[in-house]
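Position 74 (the sequence shown) corresponds to 359 in the working numbering; numbering is contiguous.
Quick reminder that beta carbons are idealized off the backbone N, C-alpha and C, glycines included.
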Amino acid sequence: MYHHVKKLMYTVRVETPDPAFGNMLLEQFGGANGELAAAMQYSIQGLNCEDPERKDLLMDIGTEELSHLEIVGTLARMHLKPTRSDRNPAHADPLIAIAGGGGVNLFNSQGNPWTADYLKITGELDVDLRSNIAAEARAKIVYERLINFCDDAGTKDALQFLMTREITHMKAFAAALESMKKPAFSIGKIAPTPGLVDQFFNDSTGEGDYGEVDARGPWNEAGAWQLVEAPAFQDLNVADTDSPSIYAESSE
Ligand code: MN
Ligand code: MN
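Here's what the structure looks like:
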């Protein structure tokens, strides 16, 4: 059950409307990493969730995201208001000024319509929680960029609030995933193929003109890793893990 309370979760003040900034804000209204996408992703994951405790988490945060949508929409609308009467900002964005009457609609900053394609819903709780952690990281960095391009103190305050809440959500999703006590690389039920799972294919080799290097690091050396050197140039089946000749010298 949803109920609307006529009070914003964070009171919004805009001293100087900036229609171009209002347009950028729409990225968090109807964009891929925006508040509607977050609200729908978590709420629908929650509908599908059969773990009552984590279902509550998904519904709590999904509902908070709707309150964020309301804040962003209010903020964007305040910034876009001049497009109703001033020729220059109206001319810069006819979709908002002429088709939309200077208000917000479910478009991103480029005028592309919101789409359910933005949502990541797999019906596998731990996989969904990983998607949500990544979604919160994306939302955080988008808010940070908006703050960096914002001149209005009141708007900055609201964006700082919204950005902070995304980190709060990220922490909650990460804690929920951890509390499921699944090994980090255990996804689903079918085990990956032993041997093959630890092969790192060095598929991009040589040095580039702009300092690109052939790198070793924790992602392909030490531990169980086996570096397979340029498999495309080897006359071998890389799935043949019994053939030691395919492995490059380990730097460890
Ligand atoms: Mn949010
Ligand atoms: Mn969030």
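In angstroms with no decimal places, state the Cα-to-Cα distance between Tyr428 and Arg501. Whole-angstrom Cα-Cα distance: 33 angstroms.
Residues of its chain near Ile452, where Cβ-Cβ distance is below 8 angstroms and the 5 sequence neighbours each way are ignored: Glu421, Lys425
Apart from the five residues just before and just after Ala461, which ones in its own chain have a Cβ nearer than 8 angstroms to its Cβ? Within the same chain, Ala461 has close Cβ partners Arg339, Leu342, Leu414.
Which same chain residues end up closer than 8 angstroms to Arg355 when comparing Cβ atoms and leaving out the 5 residues on each side of it in sequence? The sequence shown places Glu at residue 355, not Arg. Leu293, Met294, listed in sequence order.
If you follow the alpha helix (DSSP H) that Val412 is in, where does it begin and where does it stop? 410-433
Can you tell me the Cα-Cα spacing of Met448 and Glu320, whole angstroms? 11 angstroms
Should Glu429 be listed as close to ligand 2, given that the test is whether its C-beta is under 7 angstroms from any heavy atom? no
Determine contact between the stretch 311-331 and the stretch 393-402, defined as no fewer than three beta-carbon pairs at a distance below 8 angstroms. yes
When you get a sec, list the residues whose CB is within less than 6 angstroms of any heavy atom of ligand 1, chain order please. Glu320, Ala323, Glu350, His353, Ala424, Leu447, Arg450, Glu451
According to DSSP, simplified to helix, strand and coil, what is Pro516? helix
For Ile346, is the beta carbon positioned less than 7 angstroms from some heavy atom of ligand 2? Relative to the non-hydrogen atoms of ligand 2, the Cβ of Ile346 comes within a distance shorter than 7 angstroms of at least one.
Tell me which same chain residues have a C-beta within less than 6 angstroms of the C-beta of Phe486, skipping the five on either side of it? Answer for Phe486: Val513, Pro516, listed in chain order.
Could you check which residue in Thr348, His364, His353, Met286 has the C-alpha nearest to that of Cys435? Looking from the CA of Cys435, the closest CA among Thr348, His364, His353, Met286 belongs to His364.
Hey, quick one: how far does the alpha helix (DSSP H) through Asn308 stretch, first residue to last? 304-310
My assumption, with CB atoms under 8 angstroms, is that Leu310 sits in contact with Leu431. Please give the rounded CB distance. 7 angstroms
Would you check if the distance between the CB atom of His353 and the CB atom of Arg423 is smaller than 8 angstroms? no
I want to check one thing, is the minimum distance from the CB of His454 to the heavy atoms of ligand 2 below 7 angstroms? yes
Return yes when the C-beta of Glu421 is under 7 angstroms from any heavy atom of ligand 2, and no when it is not. yes
In angstroms, rounded to a whole number, what distance separates the CA positions of Arg372 and Ser471? 57 angstroms
Looking only at C-alpha atoms, which of His376, Pro379, Ala459, Asp402 sits nearest to Val412? Ala459
Residues in the same chain with beta-carbon distance under 6 angstroms from Thr359, minus the five sequence neighbours each way, listed in chain order, please. Val297
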